[in-house]
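In my numbering, the protein residues as written are 1 to 255. For each residue, glycine too, the CB sits at the ideal point set by N, CA and C. Nothing here was measured: the structure is a model prediction, and the numbers come from that model. Comments concern the structure below.
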Ligand SMILES: [Zn+2]
């Protein structure tokens, strides 16, 4: 059984990154996307890819917290990184009005600029959205697409099935993290049952959000096996079947 963790973050410590990647491989997590989002996260994701280039796909981008910085400087750095190596996606990008509602308009501009960059580069996007359902759809619908069109994933999905429907209608895949295993996450489970097989992805969003039964520990890609097992039970599928369909979806998206 091969598993693809579509969203993991790494730290600056190269020895720790190597150990985390070795434990992932031992657990059957043969592929993962190392996701950037800030200067530090982008550098750490690049280091992870250099450590295991066969297993690690790279997403480089500027997340909502970068919206306080001068936009042209942020965008030129993201462009430089994308020109310097082969990336599988632009990300993570998107909106968070839960923690930082005061920068909502700057977040929307930075999000739109990176959607346009993904279009130009022909890459999928990795999107974070929290308490920003309408604004997310608004920005997605405003950006004019020139290439093959919009494609990507809404990562660590925590919304309702109705919002998932809007994202599926726009062509997106939807990725579930360990949150789906949390006791209080009924709405997330409803969404995880709702997303069709050909649009479903799994992720850790490590080092955050360790799934049950690892809650309280520092999360890492190896732990995605618990989320796969949980999702299989929830969707009344065999664990191997759930692993293999999410793996195939991830390869279709990220290569
Ligand atoms: Zn993330």
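Kindly examine ligand 1 and report whether one of its heavy atoms sits closer than 7 Å to the Cβ of residue i.
i	result
residue 205	yes
residue 256	As shown, the chain starts at 1 and ends at 255. That puts residue 256 outside it, with no answer to give.
residue 92	yes
residue 7	yes
residue 35	yes
Exposed or buried, what is residue i when buried is set at 16 or more other beta-carbons lying within 10 Å of its beta-carbon?
i	result
residue 5	buried
residue 206	buried
residue 82	buried
residue 99	exposed
residue 53	exposed
residue 96	buried
residue 175	buried
Any heavy atom of ligand 3 inside 7 Å of the beta-carbon of residue i?
i	result
residue 153	Here the bound small molecules are ligand 1; ligand 3 is not part of this structure.
Express the C-alpha separation of residue j and residue i in angstroms, rounding to a whole number.
i	j	result
residue 145	residue 213	42 Å
residue 132	residue 195	20 Å
residue 30	residue 116	31 Å
residue 69	residue 103	11 Å
residue 236	residue 228	12 Å
residue 87	residue 234	33 Å
Which residues mark the beginning and the end of the beta strand (DSSP E) in which residue i is found?
i	result
residue 4	3-8
residue 152	152-154
residue 37	29-37
residue 173	173-176
I need the boundaries of the alpha helix (DSSP H) containing residue i, first residue and last residue.
i	result
residue 168	161-169
residue 304	This structure cannot settle anything about residue 304, because the visible part of the chain is limited to 1 through 255.
residue 245	239-254
residue 228	224-234
residue 23	14-26
Fill in: Touching by the beta-carbon criterion (3+ pairs, under 8 Å), the stretch 179-191 and the stretch 134-153
Segments in contact, no.
Worksheet item: Should the stretch 58-74 be called in touch with the stretch 232-244, which here means at least 3 C-beta pairs below 8 Å?
Response: Counting C-beta pairs with one atom in each stretch, the stretch 58-74 and the stretch 232-244 have fewer than three that are closer than 8 Å, which means they do not touch.
Worksheet item: Per the contact definition of three or more C-beta pairs closer than 8 Å, is the stretch 4-20 in contact with the stretch 46-66?
Response: Taking a cut-off of 8 Å on C-beta distances, the stretch 46-66 touches the stretch 4-20, as three or more cross pairs fall below it.
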